[in-house]
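Engineer:
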């Protein structure tokens with residue numbers, strides 16, 4: 525099952541964000557507008573692979589990290605990177621000068637959420653990389669790496685104030701092969717602790 529398809533992703537996103545890791549199919553329908561048939565198909569598929577279990581009138585997410593591991597099968601952040609440049613200057617100043625429609629992702633979003641993780645890489649989603657090229661090429665040649673990614677899955681419900689949500693940040697880091705650096709977010713969202 526391709527978890528990156530729009531309708532499937534809406535359902536999976538709702539399941540992964542469900543309070544206390546519990547949900548019902550009718551809650552998903554009410555909150556996502558997805559058809560009951562498609563919701564049932566996704567939930568049954570997750571059940572058959574032991575990612576969720578059925579309890580009294582509800583479903584419980586057993587393995588959020590297992591569900592997350594499905595995303596890199598259909599999505600690779602290297603393939604989504606449309607522009608990369610090394611910049612001179614201060615990282616915070618560069619971020620301040622990004623166009624307002626930019627959405628920080630990957631390392632930059634994790635910098636925002638994590639108590640421990642810090643990176644010298646600035647990562648963002650933007651629909652118009654040419655705008656970024658024009659703005660920042662005069663400052664090339666430094667040590668701050670700016671990477672622009674094309675948004676392949678809807679961002680409207682996955683970002684706030686120009687930063688990807690915690691869930692989307694984990695998904696992106698998983699698709700970048702760096703799930704381990706998002707351990708703070710696993711604990712925040714699902715209470716999962718890594719050694």
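Residue numbers (our numbering): 525 to 719. Just so you know, even glycine gets a beta-carbon here, dropped at the ideal spot from N, CA and C.
(1) Would you report the Cα separation of residue 591 and residue 654, rounded to the nearest angstrom?
(2) Looking at C-alpha atoms only, which residue of 608, 680, 593, 659 is the closest neighbour of residue 673?
(3) Taking a contact to mean a Cβ-Cβ separation below 8 Å, would you say residue 601 touches residue 634 in this structure?
(4) Taking buried to mean at least 16 other C-beta atoms within 10 Å of its own C-beta, is residue 568 buried or exposed?
(5) CB residue 526 to CB residue 549, shorter than 8 Å?
(6) Using a threshold of 8 Å, state whether the C-beta atoms of residue 537 and residue 691 are closer than that.
(7) Cβ of residue 616 versus every heavy atom of the ligand ATP: is any distance shorter than 7 Å?
(8) Per DSSP, residue 649 forms a beta bridge with which residues?
(9) Excluding the 5 residues preceding and the 5 following residue 687 in the sequence, name in chain order all residues of the same chain whose CB lies nearer than 6 Å to its CB.
(10) Taking residue 603 as the reference, which of 657, 696, 708 has the closest Cα?
Structural biologist: Let's see:
(1) Spanning the two alpha carbons is a distance of roughly 35 Å.
(2) Considering only 608, 680, 593, 659, the residue with the shortest C-alpha distance to residue 673 is 608.
(3) Contact flag unset, no.
(4) By the 10 Å Cβ count, residue 568 comes out exposed.
(5) Residue 549 is positioned such that its CB atom lies no closer than 8 Å to that of residue 526.
(6) With respect to the 8 Å criterion, residue 537 and residue 691 are classified as neighbours on the basis of their beta carbons.
(7) Only the bare structure without any ligand can be found here, which leaves the ligand ATP out of the picture.
(8) Answer is 627, 673, bridged to residue 649.
(9) Excluding sequence neighbours, residue 687 sits near 628, 633, 636.
(10) For the residues 657, 696, 708, the minimum Cα distance to residue 603 belongs to 696.
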